[in-house]
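The numbers in the sequence shown follow my numbering, run straight up by one, and end at 421. Okay, so here's the structure we're looking at.
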Amino acid sequence: MVNRADVIVVGGGLAGLCCALRLQQERIPFALLEASDGVGGRVRTDRVEGFLLDRGFQVLLTAYPEAQRVLDYQRLDLRYFYPGARVRFGGKFHQVADPWRHPLDGLRGVFSPVGTIGDKMKVGRLRRKTMEGSVEELFRRRETTTLEALRESGFSDKIIDRFFRPFLGGVFFDRELGISSRMFEFGFRMFSSGETALPGAGMGAIPTQIASRLPSESLRLNSRVESIQNQSVILSSGEKVTASALVLATEGPETARLLGEEKLPGSRSTTCLYFAADEPPLGKPLLILNGEGEGPVNSVTVPSLAAPAYAPEGGALIAVTIIGLPSLRDDQLTESVRNQLAGWFGPTVSAWRHLRTYRIRHALPLQIPPLPDPTAPVRPVRPGLYVCGEYGNPASLQWAMFSGRNAAEAVIEFLKA
Ligand SMILES: Cc1cc2nc3c(=O)[nH]c(=O)nc-3n(C[C@H](O)[C@H](O)[C@H](O)COP(=O)(O)OP(=O)(O)OC[C@H]3O[C@@H](n4cnc5c(N)ncnc54)[C@H](O)[C@@H]3O)c2cc1C
């Protein structure tokens, strides 16, 4: 068993894996210590009765620069969502053709209940603004909350309440739109310049692909780090592992705990329910948004329409996203979701079979302004101790992956000095 390495990476999510990958490219010996029984952190997929259940519905935006750099998209067998959404409002579904490129195409002009003709022009303007300059520059622009930014851009309350709140609410788990305008603009740029995808074998294929490039003897699962002491970590088992450099790649609140901080950063939570059905409630792989703002459901989609392996032959997988952690028990919550969706899709919903509910207390950090610049070089907390992941960075697959490499670059410099 390794109890001495040049570098210890704590946490085997995308940040830790990408840090390890960069160290591996420099042939620097490392030990990656992961508390759970597999790599991937928040990006893992469970197989349940032949269905692929991501631990909370999520997607890969193919425009993420770091994902393009690191991942082999072809081997991930990416499957794509239709670039559109349907908004449930006033007892009906309203098609939003392509929210990031042509949001109101397909709606009946000024009489649309989702937005106004002015909103359509404003989306065009916002799109141009978010596409200008580099991603780095985007994170140095003036910052406010997303709600403020939308209001400053002149969007109507109608489109904010009926489209932006459920759409961005589902992305950032924040219907109040208090998240940094920089994250919103970054997200807007990513959505409008690439595809929204799922790997054919589930989101968990992303970390698995990265881990497959690492030496298996350097990955230690079921190895929870209890504390750090100088250049060593103490595992729950009591074992001590020592290195020249440590990198913490854990969730923000856990990183704060390991650093001995008294005040832990806040979390945004989400709950995801999966159902099995004989027939999908939609014809196309797109997102259905709750534009009414009532009831537990924020959005619904059918991942198996995009990536057929998410359901066994002849079945459909339905993913329901709720923002926050409802206080209802699982059976009560399932009933309440079923009742709401029966109003949307009709009595067929009563035949859906509930597969599993994931309640994710720490799904994302708060990401309120001021947001740190994720592209800035990583500075050590103290000599030899580095942090990556969302502690001091925005979240998302892009920034988790980038932050891992960025921290590894700093460690490589430190070891050379
Ligand atoms: C439901 C949901 C939907 C999302 N949707 C999207 C999306 O569509 N697109 C997008 O870009 N992003 C999305 N995200 C965000 C994205 O998944 C995360 O930002 C990213 O995966 C975080 O990676 P990470 O490596 O920083 O952290 P994590 O994935 O949390 O990895 C941290 C790892 O550290 C381990 N660990 C913790 N404590 C210890 C310890 N003491 N010792 C050892 N190991 C420890 C954990 O077990 C875990 O494996 C979503 C997140 C959730 C939860």
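By construction, the Cβ of each residue, glycine as well, lies at the ideal position given by its N, Cα and C atoms.
Annotated as distal: residue 86 and residue 321, with beta-carbon spacing of 8 Å or more. When the five nearest sequence neighbours on each side are left out, the beta carbons in the same chain lying within less than 6 Å of the beta carbon of residue 370 are those of 270, in order along the chain.
For ligand 1, a non-hydrogen atom lies closer than 7 Å to the CB of residue 258. In terms of Cβ geometry, residue 391 and residue 27 do not form a close pair [threshold 8 Å].
Residue 353 sits in a helix when the DSSP states are folded into three classes.
Residue state for residue 23 is assigned as helix, using DSSP reduced to three classes. Distances between the C-beta of residue 371 and the heavy atoms of ligand 1 are all 7 Å or more. Distance from the C-beta of residue 274 to the nearest heavy atom of ligand 1 is below 7 Å. In this chain, residue 96 is not harboured by any alpha helix (DSSP H); it is covered by the beta strand (DSSP E) spanning 96–100. Its chain contains 21, 43 and 223 as the residues whose beta carbon lies nearer than 7 Å to that of residue 215, once the 5 sequence neighbours on both sides are disregarded; these appear in chain order.
Within the same chain, Cβ atoms closer than 8 Å to the Cβ of residue 133 are found at 189, the five residues on either side in sequence being excluded. The residue from 33, 46, 118 and 193 with its alpha-carbon nearest to that of residue 16 is 46. Annotated as proximal: residue 229 and residue 14, with beta-carbon spacing under 8 Å. Straight-line measurement puts the Cα of residue 246 at about 38 Å from the Cα of residue 329.
Counting along the chain, the unbroken alpha helix (DSSP H) around residue 140 starts and ends at 139–142. Residue 288 counts as exposed, since fewer than 16 other beta carbons sit within 10 angstroms of its beta carbon. At a Cβ-Cβ threshold of 8 Å, residue 292 and residue 60 do not count as neighbours.
Non-local C-beta neighbours of residue 232 in its own chain, meaning closer than 7 Å and more than five positions away in sequence, comprise 250 and 262, ordered along the chain.
The DSSP-derived three-state label of residue 325 is strand. The Cβ neighbour count for residue 331, taken over all protein chains shown within 10 Å, is under 16; the residue is labelled exposed. Residue 166 is positioned such that its CB atom lies no closer than 8 Å to that of residue 181. Between residue 319 and residue 280, the beta carbon gap of about 6 Å places them in contact (Cβ cut-off 8 Å). Residue nearest to residue 93 within the set 163, 316 and 9 is 163 (criterion: CA-CA distance).
In this structure, the C-beta of residue 404 approaches ligand 1 to less than 7 Å from one of its heavy atoms. By a beta-carbon distance limit of 8 Å, residue 404 contacts residue 393. Their separation comes to about 6 Å. With a threshold of 16 other beta carbon atoms within 10 Å, residue 421 falls short and is exposed. Cβ neighbours of residue 296 within its own chain (closer than 7 Å, five residues either side excluded): 92 and 93.
In the three-state DSSP reduction, residue 279 falls in the strand class (E or B). Looking at the DSSP output, residue 395 sits in no beta bridge, so it has no partner there.
For residue 134, the enclosing alpha helix (DSSP H) starts and ends at 121–135. Contact between the segment 344–354 and the segment 372–384 is absent: fewer than 3 CB-CB pairs across the two stretches fall below 8 Å. At least one heavy atom of ligand 1 is found less than 7 Å from the C-beta of residue 228.
Ranked by Cα distance from residue 301, the options 345, 311 and 316 are led by 345.
In this chain, the beta strand (DSSP E) harbouring residue 233 covers 229–233. Taken through DSSP and simplified to helix, strand or coil, residue 343 comes out as helix. Bridge partners of residue 36 according to DSSP: 13 and 223.
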